[in-house]
Amino acid sequence: MKNNSKRSLQPPRQGTSSHVPRIVRGALVLIFWLAVWEMISLIVGLDLLVPSPLTVARTWLKLAGTSKFWLSTLLSLGRVLLGAVAGIMIGGLLAFLTHYVSIARLLLEPLIKVVRAVPVASFIILALVWIKTEALPSFISAAMAAPLVWQSVSGALESDVDRQLLEMGYVYNFGRVKIFTHIVLPSIFPAFIASSVSALGFAWKSGIAAEVICQPALSIGKQLQAAKIYLETPQVFAWTCTVCVLSMSLEGILKAVVRRYGAKRSGGNKNG
12 MKNNSKRSLQ PPRQGTSSHV PRIVRGALVL IFWLAVWEMI SLIVGLDLLV
62 PSPLTVARTW LKLAGTSKFW LSTLLSLGRV LLGAVAGIMI GGLLAFLTHY
112 VSIARLLLEP LIKVVRAVPV ASFIILALVW IKTEALPSFI SAAMAAPLVW
162 QSVSGALESD VDRQLLEMGY VYNFGRVKIF THIVLPSIFP AFIASSVSAL
212 GFAWKSGIAA EVICQPALSI GKQLQAAKIY LETPQVFAWT CTVCVLSMSL
262 EGILKAVVRR YGAKRSGGNK NG
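All residue numbers for the sequence shown refer to this note's numbering, where the first residue is 12 and numbers rise by one.
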């Protein structure tokens with residue numbers, strides 16, 4: 012009773028963030044960092060080094076008025092998404108393979124760890140020897156995404172799957188397929204989704220880095236490299252902002268899809 016009375020006497024904690032809508036908080040944070048950027052630009056006083064946000068915005072609008080901008084953006088997006096999806100699927104399959112097949116774990120685990128440890132730039136240069144320029148960004152995106160998903164799903168298979176539920180499934184003769192779909196998959200699903208979001212962001216950055224080195228005909232990476240060579244710093248900033256916005260948008264879309272799927276699933280379970 013004493014503990015309850017003390018708790019009731021304490022005023023409820025009220026954070027300022029709870030009274031401010033999320034979109035307003037995001038806008039205020041954006042304004043703050045744009046102001047910091049503007050201050051740095053004014054201190055430097057040279058667009059060649061740090062262009063102002065207004066200069067970059069004007070440059071971006073100028074670029075967005077060309078078909079080359081949209082073709083480069085869409086093709087880069089397609090290459091990276093193709094590689095990221097492939098890498099996420101491969102990483103998940105490898106996790107199950109190395110978990111259930113001991114010889115596969117013995118042979119594949121060192122290779123996956125090597126791929127994860129090699130610097131992205133070194134991996135891109137090595138892969139460029141064997142792979143065509145147009146396919147390289149997709150390959151690099153897949154190669155960078157797969158180890159992240161593999162590590163997360165492997166850990167989930169080791170620790171998140173309830174052994175008692177598995178034993179119950181075997182006792183009641185659920186069958187391997189039913190145990191896998193009703194016990195194992197739901198247990199590792201949160202880890203798979205979390206790692207997929209991280210892998211998507213990492214694959215996007217790695218794919219653009221690959222484009223900078225291999226320079227496909229129409230790509231964000233080639234435009235970045237060209238802007239850097241010709242000292243068009245506002246264009247470098249404009250393309251970089253494009254990459255950041257696309258990366259955050261992809262992650263946001265994936266999270267929204269997962270939340271919607273989770274809401275539907277929980278609603279279905281309640282109705283059932």
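Quick reminder that beta carbons are idealized off the backbone N, C-alpha and C, glycines included.
CA-to-CA distance, residue j to residue i, given in whole angstroms
{"i": "Leu168", "j": "Leu147", "result": "31 Å"}
{"i": "Ser207", "j": "Glu145", "result": "24 Å"}
{"i": "Ile240", "j": "Ala249", "result": "15 Å"}
{"i": "Gly263", "j": "Ile204", "result": "13 Å"}
{"i": "Ala157", "j": "Leu211", "result": "10 Å"}
{"i": "Ile34", "j": "Val40", "result": "10 Å"}
{"i": "Trp44", "j": "Cys252", "result": "13 Å"}
{"i": "Ser163", "j": "Trp81", "result": "35 Å"}
{"i": "Gly103", "j": "Val160", "result": "6 Å"}
{"i": "Pro130", "j": "Leu265", "result": "27 Å"}
{"i": "Leu235", "j": "Leu229", "result": "11 Å"}
{"i": "Ala153", "j": "Ala214", "result": "7 Å"}
{"i": "Ala237", "j": "Ile42", "result": "30 Å"}
{"i": "Tyr181", "j": "Phe191", "result": "11 Å"}
{"i": "Ala267", "j": "Leu257", "result": "15 Å"}
{"i": "Cys255", "j": "Arg187", "result": "43 Å"}
{"i": "Val269", "j": "Phe200", "result": "10 Å"}
{"i": "Tyr111", "j": "Thr84", "result": "41 Å"}
{"i": "Leu196", "j": "Lys189", "result": "10 Å"}
{"i": "Glu120", "j": "Ala132", "result": "22 Å"}
{"i": "Trp71", "j": "Arg127", "result": "35 Å"}
{"i": "Ser113", "j": "Val125", "result": "19 Å"}
{"i": "Lys233", "j": "Pro62", "result": "21 Å"}
{"i": "Met179", "j": "His193", "result": "12 Å"}
{"i": "Gln226", "j": "Gly76", "result": "22 Å"}
{"i": "Ile51", "j": "Val96", "result": "39 Å"}
{"i": "Ser78", "j": "Phe185", "result": "57 Å"}
{"i": "Ser260", "j": "Leu117", "result": "38 Å"}
{"i": "Ile101", "j": "Pro32", "result": "39 Å"}
{"i": "Ile123", "j": "Leu74", "result": "40 Å"}
{"i": "Arg36", "j": "Arg271", "result": "23 Å"}
7 Å Cβ shell around residue i - same chain, five flanking residues per side excluded
{"i": "Phe150", "result": "Gly94, Ala138 and Ile142"}
{"i": "Arg69", "result": "none"}
{"i": "Pro64", "result": "Leu45, Trp48 and Glu49"}
{"i": "Thr66", "result": "Asp58 and Pro245"}
{"i": "Ser209", "result": "Leu159"}
Residues near residue i in its chain [Cβ-Cβ closer than 6 Å; skip 5 each side]
{"i": "Ala115", "result": "Leu108 and Thr109"}
{"i": "Ser198", "result": "Asp171 and Val172"}
{"i": "Ile135", "result": "Ile151, Ala221 and Ile224"}
{"i": "Ala106", "result": "Trp161, Val164 and Ser165"}
{"i": "Ile99", "result": "Ala156, Val160, Ser207 and Ala210"}
{"i": "Ile54", "result": "none"}
Beta-carbon contacts of residue i that lie in its chain and below 8 Å, excluding the five residues immediately before and after
{"i": "Ala202", "result": "Ser163, Val164, Gly166, Ala167 and Asp171"}
{"i": "Ile231", "result": "Ser83, Thr84, Ser87, Ile219, Glu222, Trp250, Thr253 and Val254"}
In chain order, each beta strand (DSSP E) run of at least 3 residues that lies wholly inside the stretch 59-107: none
Three CB pairs or more closer than 8 Å across the stretch 161-175 and the stretch 130-145: no
Inside the stretch 171-226 only - alpha helix (DSSP H) runs reaching at least 4 residues: 174-182, 187-190 and 196-225
Cβ contact check for the stretch 217-233 and the stretch 85-100: 3 or more pairs under 8 Å: yes
Given 8 Å, three or more beta-carbon pairs between the stretch 56-67 and the stretch 231-245: yes
Unbroken stretches of the alpha helix (DSSP H), 4 residues or longer, contained in the stretch 131-164: 131-141
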